[in-house]
Amino acid sequence: MADIRTEELTINMGPQHPSTHGVLRLVLKLNGEIVQDVRPEIGYLHRCFEKHAEAMTYPQVIPYTDRMDYVNSMSNELAYVLAVEKLLGIEIPERVEYIRVIMCELQRIASHLVAIGTYGNDAGAFTPFLYCFIDREKVLELFEIVCGARMLYNYIWVGGLSHDITPDFIKKTKEFITYFRPRIKQINDLLTYNKIFIERTIDIGILPVDVAINAGATGPTLRGSGIKYDLRKDDTYSIYNKFEFDVCVGTGEYGTIGDCWNRYIVRAHEMEQSLRIIEQAIDVIPEGDVQSAVPKRVKPVAGEAYIRTESPKGELAYYIVSDGSLNPYRVKARSPSFCNVSVINQISRGHMIADVVMILGSFDIVLGCIDR
Amino acid sequence: METNEVYEKLKKVFEDGIGELKTDVPVDPFFFVSADKINAVSLFLRDEESLQFDNLSCLSGMDYDKDNLAVVYHLYSYVHHHKLVVKVVVPKSNPVVNTVSDVWAAADWHEREAYDLVGMTFEGHPDLRRILLPEDWEGHPLRKDYKVPEFYRGMKVPY
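Protein chains in written order, with the working numbering: chain A, 42 to 413; chain B, 1352 to 1510.
Written out as structure tokens, the structure is:
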């Protein structure tokens, strides 16, 4: 038999692909089935958010920030609004702070449900996907009661909120908490501790701690490697210092610390912690007027502000430069998925193509955030 | 450690590369570094015992004013829990800055984005090409004097 030609094969895992979680292009260099090199190409969803923001007034930018990471709109709005309020130097009512925290934690649960459901889908488990989305529907119903929108809210405004919450919302949120707790256990039984899922995800894509810190990976990606760092506790913003919750890290319960399973388990545990925060906040919301501190014209002093927040995907920060006029001079969005995806080359080498799909899913990326 | 303490430390080691320190601006104080010294300064910031800025949180390119472009670095230390803001200002006629992608791997993609959108060139970067816009796009959109092209590959751009 003639010698078999063994050359390196370059394959395109193109922008249209069911497992790339959006329009992401991966150029894979393969030796048979083993991956030698992964080169991500992005920019298919670039909408020039930063250039548009320079032409709008500060409050008009908020719907644009919604659409950056469209699965987590509340967290994006909060990060932007905190930076503008820092530049303005205004005090916001406590009622607003409590409601913002409740909304962000509900949003965290919704975002992690998408991450868990689609991750199971990547591995071939179709049932948990729909179970997660049933629960996500309940959260989106809560958001619809408050502001009328299910996914892109324009709810958190500079200095306050667009609408106040009703007693109906508080009642339904408490019902949601009692409904959702046993559902987390059900998702864990279905997917997290499922033998096939564990075999698919342990010991692949191990991200060492120093690589993660150097490359700017944050959020569950960093916590899966064992570092107990959460911006809500370590660089606290809003009123997160009033609540008690644990920071979940990957402990190596299965597999090695830093592999895909440990990144995934951080998200599964964080949903329970978010429920704890909502429980602590929902009963003690002080009275007040949510619109009382909303300024008629937002005209900050000339300066810059950089506020980092913990979005479900990692460290989300907005760097706003103001020149004293009604429009921002420069808005830069530091997105967590942008930095998380850049490490994929280093950690995928030596694995198979199916493992690349699982590694990519464990980062939980949203292309709207990467491309802006 | 506060920004002025870091500034004093750096001034002792690199006398001519460090510009002035601005402390009375809202919100965070910052200081300037010259474009050709930024790599050496970054290595010092990352490796020095008492500083240990091991994380580059954000690198933004911006159009600073009529004649200058700027790069702004936001640094953070996981060891000592302190932050720093550093700026490098370069003229538009020659926007060349030393790369820091060998110091922090996060800078790799951020510098490509700054090159793409603002037009700064990073000397020593391993792979400087456009990241968000198509490879054959002309112009750098985030500059204040950017004009949207009429046609791109036969398609009308403004609609």
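Just so it is clear, CB atoms sit at the ideal spot from N, CA and C, and this is done for glycine as well. Computed from a predicted model, the values in this text were never measured in an experiment.
Cβ separation of residue i and residue j, assumed to be a contact under 8 Å, to the nearest whole Å
{"i": "A:V407", "j": "A:K354", "result": "7 Å"}
{"i": "B:G1470", "j": "B:P1446", "result": "6 Å"}
{"i": "B:I1389", "j": "B:V1439", "result": "5 Å"}
{"i": "A:L139", "j": "A:P369", "result": "The amino acid at residue 139 of chain A is misidentified as Leu; the sequence shows Tyr. The pair is not a contact, with the Cβ atoms about 28 Å apart (cut-off 8 Å)."}
{"i": "B:L1361", "j": "B:V1392", "result": "6 Å"}
Through-space distance from residue j to residue i, alpha-carbon basis
{"i": "B:K1373", "j": "A:A343", "result": "14 Å"}
{"i": "A:F379", "j": "A:L357", "result": "10 Å"}
{"i": "A:F167", "j": "B:M1352", "result": "51 Å"}
{"i": "A:R349", "j": "A:G257", "result": "13 Å"}
{"i": "B:W1455", "j": "B:N1406", "result": "7 Å"}
{"i": "A:W198", "j": "A:Q57", "result": "35 Å"}
{"i": "B:Y1429", "j": "A:A120", "result": "21 Å"}
{"i": "B:V1508", "j": "A:V187", "result": "39 Å"}
{"i": "A:F284", "j": "A:T292", "result": "24 Å"}
{"i": "B:K1417", "j": "B:P1492", "result": "15 Å"}
{"i": "B:Y1466", "j": "A:R66", "result": "21 Å"}
{"i": "A:Y360", "j": "A:V290", "result": "28 Å"}
{"i": "A:M115", "j": "A:D244", "result": "34 Å"}
{"i": "A:I319", "j": "A:G329", "result": "19 Å"}
{"i": "B:Y1497", "j": "A:C301", "result": "43 Å"}
{"i": "A:G265", "j": "A:V382", "result": "15 Å"}
{"i": "B:T1411", "j": "B:Q1403", "result": "According to the sequence shown, residue 1411 of chain B is Ser rather than Thr. Rounded to the nearest angstrom, the two C-alpha atoms are 21 Å apart."}
{"i": "B:R1494", "j": "A:K236", "result": "53 Å"}
{"i": "A:F217", "j": "A:K179", "result": "7 Å"}
{"i": "A:Q387", "j": "A:T214", "result": "43 Å"}
{"i": "A:L154", "j": "A:E311", "result": "11 Å"}
{"i": "A:G201", "j": "B:D1487", "result": "44 Å"}
{"i": "A:R224", "j": "A:E182", "result": "17 Å"}
{"i": "A:A374", "j": "A:M97", "result": "16 Å"}
{"i": "A:Q314", "j": "B:F1365", "result": "47 Å"}
{"i": "A:I143", "j": "A:E351", "result": "14 Å"}
Unbroken alpha helix (DSSP H) run spanning residue i, endpoints
{"i": "B:D1418", "result": "That residue, B:D1418, is in no alpha helix (DSSP H); it is neither H nor E in DSSP."}
{"i": "A:L401", "result": "394-404"}
{"i": "B:I1369", "result": "Counting along the chain, B:I1369 falls outside any alpha helix (DSSP H), though it belongs to the beta strand (DSSP E) covering 1369-1373."}
{"i": "B:V1392", "result": "1389-1398"}
{"i": "B:F1473", "result": "Segment 1472-1474 is the beta strand (DSSP E) holding B:F1473; no alpha helix (DSSP H) there."}
{"i": "B:K1360", "result": "1354-1364"}
{"i": "A:D287", "result": "Taken as a continuous stretch (DSSP letters only), A:D287 belongs to no alpha helix (DSSP H), as it is neither H nor E."}
{"i": "A:I103", "result": "103-107"}
{"i": "B:D1459", "result": "1458-1468"}
{"i": "A:L232", "result": "Neither: A:L232 is in no alpha helix (DSSP H) and is coded neither H nor E."}
{"i": "A:D251", "result": "250-255"}
{"i": "A:A151", "result": "135-164"}
{"i": "A:N113", "result": "Per DSSP, A:N113 belongs to no alpha helix (DSSP H) and is neither H nor E."}
For residue i, the three-state DSSP class (helix, strand or coil)
{"i": "A:G355", "result": "strand"}
{"i": "B:V1447", "result": "strand"}
{"i": "B:L1435", "result": "strand"}
{"i": "A:M54", "result": "strand"}
{"i": "A:W198", "result": "strand"}
{"i": "A:D209", "result": "helix"}
{"i": "A:R375", "result": "strand"}
{"i": "A:T219", "result": "helix"}
{"i": "B:P1442", "result": "strand"}
{"i": "A:R338", "result": "coil"}
{"i": "B:H1425", "result": "strand"}
{"i": "B:F1404", "result": "coil"}
{"i": "A:R191", "result": "coil"}
{"i": "A:A96", "result": "coil"}
{"i": "A:S363", "result": "strand"}
{"i": "A:G409", "result": "helix"}
{"i": "A:K127", "result": "helix"}
{"i": "A:Y270", "result": "coil"}
{"i": "A:A343", "result": "coil"}
N-terminal and C-terminal residue of the beta strand (DSSP E) that residue i is part of
{"i": "A:K70", "result": "66-72"}
{"i": "A:F174", "result": "Premise fails: A:F174 lies in the alpha helix (DSSP H), 168-188, not in any beta strand (DSSP E)."}
{"i": "A:T277", "result": "It is not in any beta strand (DSSP E) - A:T277 carries neither H nor E in the DSSP assignment."}
{"i": "A:P81", "result": "75-82"}
{"i": "B:F1383", "result": "1381-1384"}
{"i": "A:F238", "result": "Premise fails: A:F238 lies in the alpha helix (DSSP H), 236-242, not in any beta strand (DSSP E)."}
### Query
Quick one, which residues of the region 1401-1417 of chain B are near chain A if we go by CB-CB under 8 Å, in chain order?
The residues in question are D1405, N1406, L1407, S1408, C1409, S1411, M1413, D1414.
### Query
Given a limit of 9 Å on CB to CB distance, which residues of the region 1420-1448 of chain B reach chain A?
Cβ proximity to chain A below 9 Å picks out V1423, H1425, Y1427, Y1429, H1432, K1434, V1436 from the region 1420-1448 of chain B.
### Message
Residues of the region 1480-1494 of chain B in Cβ contact with chain A at a cutoff of 9 Å, in chain order, please.
### Response
Taken in chain order, the members of the region 1480-1494 of chain B whose beta-carbon sits within less than 9 Å of a beta-carbon on chain A are R1481, I1482, L1483, L1484, P1485, P1492, L1493.
### Message
Can you pull out the residues from the region 365-398 of chain A whose beta carbon lies closer than 7 Å to at least one beta carbon of chain B?
### Response
Of all residues in the region 365-398 of chain A, R371, K373, R375, F379, C380, S383 have a Cβ within less than 7 Å of some Cβ in chain B.
#### Entry: Positions along the region 123-140 of chain A whose CB lies within less than 8 Å of some CB in chain B
Flagged, chain order: K127, L128, G130.
### Task
Mind checking the region 293-309 of chain A against chain B and listing, in chain order, the residues whose C-beta falls within less than 9 Å of any C-beta there?
Closer than 9 Å at the C-beta level to chain B, one finds no residue of the region 293-309 of chain A.
### Query
Relative to chain A, which residues along the region 1449-1476 of chain B have a C-beta separation below 9 Å, given in chain order?
The residues in question are V1454, W1455, A1456, A1457, A1458, D1459, W1460, H1461, E1464, D1467, L1468.
### Task
Identify each residue in the region 1353-1382 of chain B for which the Cβ-Cβ distance to at least one residue of chain A is less than 7 Å, and report them in chain order.
So the list reads V1376, P1377, V1378, D1379, given in the order they occur along the chain.
### Message
If the cut-off is 8 Å on Cβ atoms, which residues from the region 56-90 of chain A count as contacting chain B, listed in chain order?
### Response
Those would be I83, G84, H87, C89, in chain order.
### Query
Along the region 253-271 of chain A, what residues have a CB closer than 8 Å to any CB found in chain B?
If the cut-off is 8 Å between Cβ atoms, the region 253-271 of chain A has I254, N255, A256, G257, I268, Y270 near chain B.
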